[in-house]
Ligand code: HAM
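Residue numbers (the numbering used here): 3 to 421.
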């Protein structure tokens, strides 16, 4: 039987890779311009990093983690997200001892056992940026400004920035209790999972997509009405800084995000072009995460962009594929040898040159050049070669001219449009 990839795990093929490289390069450029440095963290961590960091009573930890026992009996998990790992690395390597403020980003695959559908996969890529060590709301706005700048830079439009505040350790318990009381009166409307969540984690009910649960939460109390003065002040400042930067946003009092570590600012960027999985980015502040994973009291804020979703939104008209610049068509054995010599020389100069590896007719070589969408074809005939010449054909306007083989490199450099 033919072996296929696992459901929810995708190959990213050569004809798509240009978009991925473009997005990654743009992220590196924009983020580093904002003072962020790249960090690479392992794909596998101890399970408790995620169960404590993300929260035991979240969908991710309850039912979506790829967890297994290794040969030494350790419980390990394929990372479902990067924030907890980045926080662990910051603590483990005492990055704070150099400067308590760390601005870090990472790019890579995450794993969640979710039901695959368009825009939702079991292996998916995130671009994740985090700032550790700053409590000031200036930073909340700064990461959002960077995010929006990046999304615009790669060509995304018609996006909506939604923000909310989730309060803190001091004020949220009161909200949770009010919400629980309210939802208890509607428990008959709640799905089986939410009946359970009512006891374990009522906030998660606000995320439930089941219609009857959505109806049950329609008039539920809102976090914003329960936050304390400090959280309110923080939120007001975030909004003011966003306005100062000219960014518009929508207040979404129902957004609670799917991970338990959030405190205060939470945000998402959604695109109405995406259908049901419409969040391109999710993020927020998490001032207790470091303590949850056994570390110091360090505040943090950041976001993660879903790369598959982002890439599906890139402008269609932009060209991302890197076609060869030149095809060398050779006629006769000697010309074929010369073509091979030239191709190797041109590669060293950064010119993408191709030839046929089997001697074929001129017609067949031209057909292949056409298929490869090259800019130019160099036709090497034995007679012309004896005079040190060859024909260079522009594949766009079909104009053909004779050139000196000795001048090939300079001629090509003056004609090729480099991407
Ligand atoms: P998240 O909302 O779980 O947050 O994921 C962030 C983004 O990853 C989503 O908005 C979505 O674009 C993408 N994503 C999530 N799950 C899938 C999936 N199964 N298939 C495809 N794309 C997916 C986090 O992961 C937090 N760590 C974000 C964060 C960073 N908060 C603070 N810092």
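Each residue gets a CB set at the ideal place from its N, CA and C atoms; glycine is no exception.
Every value quoted in this text rests on a predicted model; they were computed, and no experiment measured them.
So, using beta-carbon positions, are residue i and residue j closer together than 7 Å?
i           : j           : result
residue 332 : residue 382 : yes
residue 10  : residue 171 : no
residue 261 : residue 69  : no
residue 114 : residue 64  : no
residue 252 : residue 162 : yes
residue 185 : residue 200 : yes
residue 121 : residue 317 : no
residue 111 : residue 166 : no
residue 334 : residue 384 : yes
residue 41  : residue 93  : no
residue 1   : residue 78  : Any property of residue 1 remains undetermined from this structure, which presents the chain solely from 3 to 421.
residue 210 : residue 196 : yes
residue 306 : residue 96  : no
residue 109 : residue 31  : no
residue 36  : residue 148 : yes
residue 155 : residue 28  : yes
Taking C-alpha atoms, which residue in the options lies nearest to residue i?
i           : options               : result
residue 379 : 386, 356 and 86       : 356
residue 289 : 276, 138 and 162      : 138
residue 230 : 177, 282 and 219      : 177
residue 223 : 183, 248, 245 and 209 : 183
residue 54  : 90, 194 and 117       : 90
residue 349 : 311, 367, 334 and 330 : 330
residue 387 : 344, 179 and 207      : 344
residue 43  : 32, 87 and 74         : 87
residue 257 : 373, 219 and 397      : 219
residue 371 : 325, 33 and 269       : 325
residue 398 : 312, 328 and 264      : 328
residue 309 : 281, 160 and 264      : 281
residue 291 : 22, 5, 51 and 313     : 51
residue 259 : 395, 238 and 271      : 271
residue 102 : 249, 375 and 301      : 301
residue 295 : 273, 269 and 263      : 263
residue 81  : 100, 48, 74 and 72    : 48
residue 336 : 353, 361 and 320      : 361
residue 413 : 191, 22, 394 and 190  : 394
residue 408 : 363, 365, 347 and 354 : 347
residue 62  : 98, 319, 84 and 241   : 84
residue 130 : 164, 39 and 365       : 39
With respect to 6 Å, is the separation between the Cβ of residue i and the closest non-hydrogen atom of the ligand HAM below this value?
i           : result
residue 116 : yes
residue 145 : no
residue 426 : Since the first residue shown for the chain is 3 and the last is 421, residue 426 is missing from the structure and cannot be characterised.
residue 35  : no
residue 89  : no
residue 305 : yes
residue 311 : yes
residue 96  : no
residue 266 : no
residue 11  : no
residue 26  : no
residue 190 : no
residue 119 : no
residue 38  : no
residue 293 : no
residue 126 : yes
residue 137 : no
residue 85  : yes
residue 122 : yes
residue 57  : no
residue 277 : no
residue 20  : no
residue 110 : no
residue 308 : yes
Going by beta carbon distance, what residues of the same chain come within less than 7 Å of residue i, once the five residues before and after it are set aside?
i           : result
residue 406 : 390 and 391
residue 351 : 411
residue 17  : 323
residue 151 : 32
residue 341 : 330, 332, 357 and 382
residue 20  : 322, 323 and 324
residue 375 : 325
residue 173 : 228, 229, 230 and 233
Skipping 5 residues on each side, what residues in its chain have a beta carbon closer than 8 Å to that of residue i?
i           : result
residue 303 : 132, 133, 136, 141, 142, 145, 267, 285, 286, 287 and 288
residue 419 : 377
residue 7   : 13
residue 276 : 121, 282, 311, 314 and 315
For residue i, I'd like the list of residues in its chain whose CB is within less than 6 Å of its CB, leaving aside the five on either flank, ordered along the chain.
i           : result
residue 193 : 212 and 215
residue 367 : 331 and 358
residue 236 : 139 and 266
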